[in-house]
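Novice:
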Amino acid sequence: MPTVDNPLAVASLRIWYCSYKTLESITVFRNLRTLVIADFPDASLGPLGTLPNLQHLRILHLPKIVDLGALAGLANLETLSLEVLPSWDVSCKKTIVNSLEPIAQIAHLKHLSLLGVVPVDRSLASLERCGSLVSAQLHGYPRKEADRFFAASGVLRAHPPSLQFD
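1 is the number of the first residue of the sequence shown in full-length UniProt numbering; add one for each residue after it.
1. So if DSSP puts Ala136 in a beta bridge, which residue, or which two residues, is it bridged to?
2. Using only the alpha-carbon positions, how far apart do Ala43 and Lys64 sit?
3. Would you report the Cα separation of Cys152 and Glu24, rounded to the nearest angstrom?
4. As a quick exercise: from Ser135, Val118, Gln105, Gln164, pick the residue whose alpha carbon is nearest that of Val150.
5. Please list, in chain order, all residues of the same chain as Ala72 whose beta carbon is under 6 Å from its beta carbon, the five residues on each side excluded.
6. Who are Ser12's beta bridge partners in DSSP?
7. Could you work out which residue in Thr3, Pro7, Leu80, Tyr20 is closest to Cys130 when comparing CA atoms only?
8. In the DSSP assignment, the beta strand (DSSP E) including Pro119 goes from what residue to what residue?
9. Can you give me the C-alpha to C-alpha distance between Pro47 and Ala146, rounded to a whole angstrom?
10. CA-CA distance, Val155 and Asp5?
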């Protein structure tokens, strides 16, 4: 990633198919509130877990990710969107993760979109403990499981709000 003179002044960042080998240097942007990434190159979300002010995160295409653990530390996160590529969606390819439990631990999460990002067991049960969740958009889950989740949680089926950049 290129260097920025004053990374602490950056509140929003869009990294869109930039072909970076890694995003480890993103940790210098400690005041980021909004982050959008297309084509996450790393095998770990660890660097994102060091962004304490992050409120809105969207990642499109995270094929190497299996552990969402780093997301649990994003205490201020309100909107989370994890998505496979549209071409993967058409061919029913998914990003398989170990568990959705780290998402359930995000204290202020209000809006969630999981499009083709599913846990091994295809269960949404852990998300029922996410008491602040208002809306969710889910794709790639068995219909019965999605229906059960929405009925049990009272969460609305809805797209997350559009992200605004400063």
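Just so you know, even glycine gets a beta-carbon here, dropped at the ideal spot from N, CA and C.
Specialist: Judging by the given coordinates:
1. As a position in the sequence shown, residue 136 is number 136, starting the count at 1. Answer by DSSP bridge pairing, in chain order: Leu112, Arg157.
2. By 1-based counting over the sequence shown, the position of residue 43 is 43. By 1-based counting over the sequence shown, the position of residue 64 is 64. So the alpha carbons of these two residues sit roughly 5 Å apart.
3. Along the sequence shown, one-based indexing puts residue 152 at 152. Along the sequence shown, one-based indexing puts residue 24 at 24. Going by the sequence as given, residue 152 is Ala instead of Cys. Near 38 Å, if we compare the C-alpha coordinates of Glu24 and Ala152.
4. Within the sequence shown, residue 150 is the residue found at index 150, counting from 1. According to the sequence as given, residue 150 is Phe; it is not Val. If we check each option's Cα against that of Phe150, Ser135 comes out closest.
5. Indexing the sequence shown from 1 puts residue 72 at position 72. Same-chain partners within the cutoff: Pro102, Gln105.
6. As a position in the sequence shown, residue 12 is number 12, starting the count at 1. Partner(s): Thr34.
7. By 1-based counting over the sequence shown, the position of residue 130 is 130. The residue with the shortest Cα to Cα distance from Cys130 is Leu80.
8. As a working mapping, residue 119 is identified with position 119 in the sequence shown. 117–119 is the extent of the beta strand (DSSP E) around Pro119.
9. Residue 47 sits at position 47 when you count from the first residue of the sequence shown. Residue 146 sits at position 146 when you count from the first residue of the sequence shown. Those two C-alpha atoms are separated by around 30 Å.
10. What you label residue 155 is simply residue 155 of the sequence shown in a count that begins at 1. What you label residue 5 is simply residue 5 of the sequence shown in a count that begins at 1. Near 42 Å, if we compare the C-alpha coordinates of Asp5 and Val155.
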